[in-house]
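S.K.: There's a structure below that I have some questions on.
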Amino acid sequence: MPSEETCAWSQALSYLGAFTAVYITVRLGYKILRGLRVHLLSEVWRKDVRSYGQWAVVTGATSGIGKAYAQELAKRGLDVVLISRKQELLENVAKEIEEMYGGKTKIIQADFNKGPEIYEPIKSGLKDLNIGILVNNVGMMFSHNRARFLDTVGIEEKIPHIINCNMLSLTKMTQIVLPGMVKRKRGAVINISSEAGAHPTPLFNVYSSTKAYVSFFSKALEAEYRNLGITVQCVAPLLVSTKMVEYKKPSLMVKTAEDFAREAVNTIGLTSSTNGCLSHSIQSFVCELLAPEWLRLSDYSVNQILKTAVKQ
Ligand SMILES: NC(=O)c1ccc[n+]([C@@H]2O[C@H](COP(=O)([O-])OP(=O)(O)OC[C@H]3O[C@@H](n4cnc5c(N)ncnc54)[C@H](OP(=O)(O)O)[C@@H]3O)[C@@H](O)[C@H]2O)c1
């Protein structure tokens, strides 16, 4: 016969078990319902991006995700400012957008690998525009081959470049554009991070760390400016077929830049933090379950990745 004390313990444990099961079910259910709202219902029920203002500004807008965002926002009726470092490409993309969607464009040439000196001309170029959406997209990798920090080719110049391009750029662009948004009490700042910024990622160390900055900056900024009518959204894609990832073949897991931008723009105003599209949200969720942080940071994982990196 179990003692009274044993019975009390087993009853307490069964309450705890039931509570945990309900908690997990409710959390999972909420996540699934939110996912459906943000990624599926938003195909037909979403915010009109024109309500934020007349112009969108996109950094790194001549190819990949940035170009696709610029095209998608133009398609939905916004005029677009394109900022990138190659004048000829800027002119081509601007012409393409005007011909396809009929809106206005403006181009600003800037190299975001450089320091604070590039921002005064950008500020002058944006003066007096009613900017509704800022897409802080520009970004670079630290190394295309996965490598230990010190084994990065060209490390000396890459350190300032990646800090300027991935972190200084969105901080300064936000400083330039946000005052107008605050004055008009509306606007959206979209910051492109990466799934690599959600977890410390060995052998993508510096890139992952700069993207963690993007994510932290966005979340804190959202808390500071939400009540002033400003939307801040952090977008953390997984693989998108662009120059940055050597145009990996598009598939269920690897999105084309155009599909990614279309789905991501649907989510503006619906969530402050997203992987951008349904496929990437599911992949992120599954990775979280199957590869917890202790496993990603283990010697075993690092050695396995190094082995495949050497083979490539
Ligand atoms: N593709 C992915 O799988 C993936 C996944 C997660 C996150 N992301 C993030 O998404 C963003 C866009 O990536 P992407 O894949 O679209 O890259 P991408 O194909 O390499 O395009 C980057 C764009 O930025 C411009 N750019 C690059 N460096 C610049 C600089 N120093 N100054 C001015 N413009 C510059 C490029 O123009 P140029 O012709 O001048 O180089 C190009 O227009 C990045 O922040 C990246 O970290 C991408």
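Counting in our numbering, the final residue of the sequence shown is number 618, and the numbers go up one at a time with none missing.
Every residue, glycine too, gets a C-beta built ideally from N, C-alpha and C.
Given the structure is predicted, the values throughout are model-derived calculations rather than measurements.
Going by the C-beta, is I371 closer than 6 Å to any heavy atom of ligand 1?
M.R.: As a working mapping, residue 371 is identified with position 65 in the sequence shown. Yes, the beta carbon of I371 sits closer than 6 Å to at least one heavy atom of ligand 1.
S.K.: Excluding the 5 residues preceding and the 5 following I498 in the sequence, name in chain order all residues of the same chain whose CB lies nearer than 6 Å to its CB.
M.R.: The sequence position of residue 498 within the sequence shown is 192, counting from 1. Correct list, in chain order: N443 and V541.
S.K.: Let me know the beta strand (DSSP E) ranges lying completely inside the region 429–474, each 3 residues or longer, listed in chain order.
M.R.: 437–442
S.K.: Kindly indicate which three-state DSSP category S587 falls into: helix, strand or coil?
M.R.: In the sequence shown, residue 587 corresponds to position 281, counting from 1. Note: S587 maps to helix in three-state DSSP.
S.K.: For chain B, find out if any of its Cβ atoms is closer than 7 Å to the Cβ of S514; answer yes or no.
M.R.: This model lacks chain B altogether, as it is built from one protein chain only.
S.K.: Look at the alpha carbon of H505 and the alpha carbon of N436, and state the distance between them as a whole number of angstroms.
M.R.: Here residue 505 corresponds to residue number 199 of the sequence shown, with the count starting at 1. Here residue 436 corresponds to residue number 130 of the sequence shown, with the count starting at 1. Rounded to whole angstroms, H505 to N436 spans 36 Å at the Cα level.
S.K.: Here's the rule: buried if 16 or more other CB atoms are within 10 angstroms of the residue's CB, otherwise exposed. What is S309?
M.R.: The residue you call residue 309 lines up with position 3 of the sequence shown. Counting Cβ neighbours within 10 Å, S309 comes out exposed, since fewer than 16 surround it.
S.K.: Considering Q539, what are the terminal residues of the beta strand (DSSP E) in which it resides?
M.R.: Working through the sequence shown from its first residue, we reach residue 539 at position 233. Here the beta strand (DSSP E) through Q539 covers I536 to V541.
S.K.: Pull up the DSSP beta-bridge partners for V332, would you.
M.R.: If you number the sequence shown from 1, residue 332 lands on position 26. DSSP lists no partner for V332.
S.K.: Would you mind reading off the limits of the alpha helix (DSSP H) that contains Q360?
M.R.: The residue you call residue 360 lines up with position 54 of the sequence shown. Here Q360 belongs to no alpha helix (DSSP H), and DSSP marks it neither H nor E.
S.K.: Return helix, strand or coil for I574, following the three-state DSSP convention.
M.R.: As a working note, residue 574 is residue 268 in the sequence shown. Correct three-state label for I574: coil.
S.K.: Report yes or no: do the region 376–394 and the region 348–357 share at least 3 C-beta pairs separated by less than 8 Å?
M.R.: Yes, the region 376–394 touches the region 348–357.
S.K.: Kindly indicate which three-state DSSP category V386 falls into: helix, strand or coil?
M.R.: Indexing the sequence shown from 1 puts residue 386 at position 80. Three-state DSSP puts V386 in a strand.
S.K.: Going by DSSP, which residues form a beta bridge with S547?
M.R.: In the sequence shown, the residue the question calls residue 547 occupies position 241. Beta-bridge pairing links S547 to T562.
S.K.: Any idea if L545 is buried or exposed, counting beta-carbon neighbours within 10 angstroms, 16 or more meaning buried?
M.R.: As a first step, residue 545 is located in the sequence shown; it is residue number 239 there, counting from the start. That one is buried.
S.K.: If you follow the beta strand (DSSP E) that N497 is part of, which residue opens it and which one closes it?
M.R.: The sequence position of residue 497 within the sequence shown is 191, counting from 1. Element bounds for N497: G493 to I498.
S.K.: May I have the straight-line CA-CA distance separating K433 from E462, to the nearest angstrom?
M.R.: Taking the first residue of the sequence shown as 1, we reach residue 433 at position 127. Taking the first residue of the sequence shown as 1, we reach residue 462 at position 156. Distance between the alpha carbons of K433 and E462 is about 35 Å.
S.K.: Is any heavy atom in ligand 1 found nearer than 6 Å to the beta carbon of F448?
M.R.: The residue given as residue 448 occupies position 142 in the sequence shown. No, the beta carbon of F448 sits no closer than 6 Å to any heavy atom of ligand 1.
S.K.: Taking the alpha-carbon of S500 as reference, which of A494, D565 and Y519 has the nearest alpha-carbon?
M.R.: For the purposes of this step, residue 500 is identified with residue 194 of the sequence shown, where counting begins at 1. Measuring from the Cα of S500, the nearest candidate turns out to be Y519.
S.K.: I413 and L396 - do their beta-carbons sit closer together than 7 Å?
M.R.: If you number the sequence shown from 1, residue 396 lands on position 90. If you number the sequence shown from 1, residue 413 lands on position 107. In this structure, I413 lies closer than 7 Å to L396 by Cβ.
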